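Shown next, in structure tokens, is the structure this report addresses.
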Amino acid sequence: MKIKKYIEIFITYIISIIITYIFYKCNVKSIYIFKIDTLFSMIVTVVVTLVGFLITSITILIGIIEKKIIKKINEEKMWNMLIYYFIEPIVSGLLILLHSFYIIFKTGSDNIIFNYRILIFIFLSVLFIVGIVRIGYMLVFILKILPLENSDIVYDEKSVTISQPEDAFRNQK
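Oh and the sequence shown: position 58 is 58 in full-length UniProt numbering, straight run, nothing missing.
Quick look at the structure:
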């Protein structure tokens, strides 16, 4: 049980290390990229957009904190893990941005990226992508459960009033 919990927490690091090791075994010494500034510009755009999505998701979760599912998460002491799941890809995304700026600064006009910089970038990218996938899976799970919370409410059709748009423009005396 404890091992399963640790694997669940560290799965992003495990996958990142395995994929980075596979790339390390490919024995690539350096890569020449023709338009490195364009490539990293696109990378920065994607990372910033996804980090913005994560921050928006956190805001939405805080907004639905009164729902039963969020109360259940609080009761089960899972809120800290939920926050950790969000913080991990945000931090790795920021590290990707910093490392991208470092690579652009260090390569200069050579456009050659060396082995260790490639491996660090791959590790951070896989960590970020796996973290985003894990958050997405969790959000889909929460969104599937939310409609079920209100399924026990019975609505009385006679008490519902239908407003007519033209009523808003009539003079009331």
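The beta carbon of each residue, even a glycine, is placed where N, CA and C say it ideally should be.
Computed from a predicted model, the values in this text were never measured in an experiment.
Where residue 128 sits in the DSSP three-state scheme: The residue labelled residue 128 in the question sits at position 128 within the sequence shown. Correct three-state label for residue 128: helix.
Between the beta-carbon of residue 142 and the beta-carbon of residue 69, is there less than 8 Å? On the sequence shown, residue 142 is found 142 positions in, with the first residue counted as 1. On the sequence shown, residue 69 is found 69 positions in, with the first residue counted as 1. Yes, the pair counts as a contact, with Cβ atoms nearer than the cut-off.
Residue 135 and residue 89 look like a contact to me (Cβ under 8 Å); what is the Cβ gap, rounded to whole Å? On the sequence shown, residue 135 is found 135 positions in, with the first residue counted as 1. On the sequence shown, residue 89 is found 89 positions in, with the first residue counted as 1. Right, their Cβ atoms sit about 6 Å apart.
Using a 10 Å radius around the Cβ and a threshold of 16 neighbouring Cβ atoms, would you call residue 54 buried or exposed? Here residue 54 corresponds to residue number 54 of the sequence shown, with the count starting at 1. Looking at its Cβ environment, which holds 16 or more other Cβ atoms inside 10 Å, residue 54 is buried.
Please list the terminal residues of the continuous alpha helix (DSSP H) segment that includes residue 34. Position 34 of the sequence shown, counted from the start, is the residue given in the question as residue 34. Per DSSP, residue 34 belongs to no alpha helix (DSSP H) and is neither H nor E.
Selected residue, minimal CA-CA separation from residue 93, among 125, 108, 58 and 82: As a first step, residue 93 must be located in the sequence shown, where it is residue number 93. Here the closest residue by C-alpha is 125.
Identify every residue that forms a DSSP beta bridge with residue 113. Here residue 113 corresponds to residue number 113 of the sequence shown, with the count starting at 1. Note: residue 113 sits in a beta bridge opposite 31.
Hey, is residue 115's beta-carbon within less than 8 Å of any beta-carbon in chain C? You won't find chain C in this structure, because it holds only one protein chain.
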